[in-house]
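Contents: one structure, followed by commentary.
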């Protein structure tokens, strides 16, 4: 599946560009208003970020060479995410490690950098139990990438692990949310259900009872919205089978907001954390912050829009590969 994002002035421009690059079979899966450069110019015109999806074998424009070229650009864009030792403890440990090797941080070899990272993260709270439950619920604020993350997990489990996967969404608030997940389900050829209210949840779960696992997409909401938090909590309580709840947090979130999210979403008693949009930041300082300020394990790291490839199990090897060992004080 090919996912393309466009930042445009209006929807007409978006459809023209999508039709040219992806063809008439491209499907609109998401749209949202953005304001670029708002900090520099608060009066700057709002633009629209639009996402289209296409089954790969239907793409008329992206030839094999074009795809290889684009993949190379994407791969290059993901290089050099700095580890950023954003805590005094980490800095002290790094300086101690360097003194033992009689080197400056920038002179450490690739293997020495990885050795240091293993020392730094030896007690890190990564999720040791990688298996998913029968029911897996993703919760989190708006715009963190819950729906795309569900698509990645669904694709990995159905295509790579040969599991029978079912999807449910309770997000009937956001424009296009239902169709976005319906499109992913159609492309993956897996069952999809919409629960419009709590009374429908039992029936939807029973429809998917033969699935190996069920993924549930919830409405994005402000962590300060008590009403919606309570609503999602009631949906979760309807999951009578074995289930896990994952809190999705974007790496682009500032630390004050991260504190608020971790605190407020604790009311949902989530089991693990999924961190998204690692490809949109220059360093991993927010990752350290979450590791140091949450008692819950991190299960997955997401570093792009590619379904299903841009999701990795959270561990030391993944972090080192994402950063290419770029230690920064």
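Residue numbers (the UniProt record's numbering): 1 to 329.
Glycine included, every Cβ here is placed at the ideal spot set by N, Cα and C.
Burial state of residue i, where buried means 16 or more other Cβ atoms lie within 10 Å
i           : result
residue 119 : exposed
residue 11  : exposed
residue 317 : exposed
residue 267 : exposed
residue 103 : exposed
residue 145 : buried
residue 158 : buried
residue 109 : exposed
residue 175 : exposed
residue 91  : exposed
residue 209 : exposed
residue 197 : exposed
residue 4   : buried
residue 284 : buried
residue 265 : buried
residue 20  : exposed
Residues of its chain near residue i, where Cβ-Cβ distance is below 7 Å and the 5 sequence neighbours each way are ignored
i           : result
residue 141 : 220, 221, 222, 223 and 261
residue 263 : none
residue 252 : 277, 280 and 281
residue 201 : 195, 235 and 238
residue 33  : 46 and 48
residue 76  : Bear in mind that a pLDDT of 38 at residue 76, under 50, signals an unreliable position, so the number given afterwards is only what the model happens to contain. Within the same chain, residue 76 has no close Cβ partners at all.
For residue j and residue i, the rounded distance between their alpha carbons
i           : j           : result
residue 286 : residue 321 : 17 Å
residue 171 : residue 26  : 23 Å
residue 14  : residue 139 : 29 Å
residue 243 : residue 269 : 12 Å
residue 105 : residue 94  : 8 Å
residue 64  : residue 227 : With a pLDDT of 43 at residue 64, under the threshold of 50, the modelled position of this residue cannot be trusted; read the value that follows with caution. Each residue's alpha carbon lies about 49 Å from the other.
residue 160 : residue 132 : 14 Å
residue 143 : residue 247 : 13 Å
residue 211 : residue 16  : 39 Å
residue 173 : residue 319 : 35 Å
residue 31  : residue 179 : 12 Å
residue 233 : residue 134 : 18 Å
residue 214 : residue 229 : 21 Å
residue 111 : residue 206 : 51 Å
residue 231 : residue 241 : 19 Å
residue 99  : residue 306 : 41 Å
residue 136 : residue 199 : 19 Å
residue 162 : residue 225 : 38 Å
residue 67  : residue 245 : Reliability of the predicted coordinates at residue 67 is poor, the pLDDT of 42 falling under 50, and no value is obtained from them.
Unbroken alpha helix (DSSP H) run spanning residue i, endpoints
i           : result
residue 148 : 146–155
residue 229 : 226–237
residue 309 : Per DSSP, residue 309 belongs to no alpha helix (DSSP H) and is neither H nor E.
residue 103 : Unbroken run through residue 103: none, as it is neither H nor E.
residue 19  : 11–22
residue 136 : Careful: residue 136 lies outside any alpha helix (DSSP H), inside the beta strand (DSSP E) at 135–139.
residue 198 : No alpha helix (DSSP H) holds residue 198; DSSP gives it neither H nor E.
residue 289 : 285–293
Endpoints, beta strand (DSSP E) assigned at residue i
i           : result
residue 272 : 272–276
residue 280 : Run containing residue 280: none; DSSP gives neither H nor E here.
residue 259 : It is not in any beta strand (DSSP E) - residue 259 instead sits in the alpha helix (DSSP H) that spans 255–264.
residue 5   : 2–8
residue 53  : 47–54
residue 176 : Where residue 176 is concerned, there is no enclosing beta strand (DSSP E), given that its DSSP letter is neither H nor E.
residue 166 : 165–169
residue 119 : From DSSP, residue 119 is part of no beta strand (DSSP E) but of the alpha helix (DSSP H) over 110–120.
residue 202 : Residue 202 -> not in any beta strand (DSSP E); alpha helix (DSSP H) instead, spanning 201–207.
residue 300 : 298–302
residue 33  : 27–34
residue 243 : 243–250
residue 215 : 213–217
Cutoff 6 Å; reference residue i; Cβ partners in own chain excluding five residues on either side
i           : result
residue 116 : 97
residue 121 : 316
residue 18  : 26 and 52
residue 204 : 168, 193 and 195
residue 312 : 301 and 318
Own chain residues within Cβ distance below 8 Å of residue i, not counting five before or after
i           : result
residue 183 : 27, 29 and 53
residue 258 : 249, 286, 289, 290 and 293
residue 217 : 138, 146, 147, 150, 167, 168, 169, 170, 171, 177 and 181
residue 255 : 286 and 289
residue 156 : 308 and 311
residue 101 : 108 and 112
residue 69  : Summary for residue 69: the model assigns pLDDT 37, below 50, so the residue's position carries little reliability; its value from the coordinates is reported in the next sentence. For residue 69, where only same-chain residues beyond five positions count, there are no Cβ hits under 8 Å.
Short CB-CB distance (under 9 Å) between residue i and chain D
i           : result
residue 233 : Here there is only one protein chain, and chain D is not present.
Decide yes or no for the touch test of the segment 290–297 against the segment 157–177: beta carbon pairs closer than 8 Å, at least 3 of them.
no
Under 8 Å, with one C-beta from each stretch per pair, do the segment 186–200 and the segment 150–161 reach the 3-pair mark?
yes
Tell me, please, whether the segment 297–313 touches the segment 267–275 by the rule of three or more beta-carbon pairs shorter than 8 Å.
yes
For the 8 Å Cβ check, are there 3 or more pairs between the segment 1–10 and the segment 48–55?
yes
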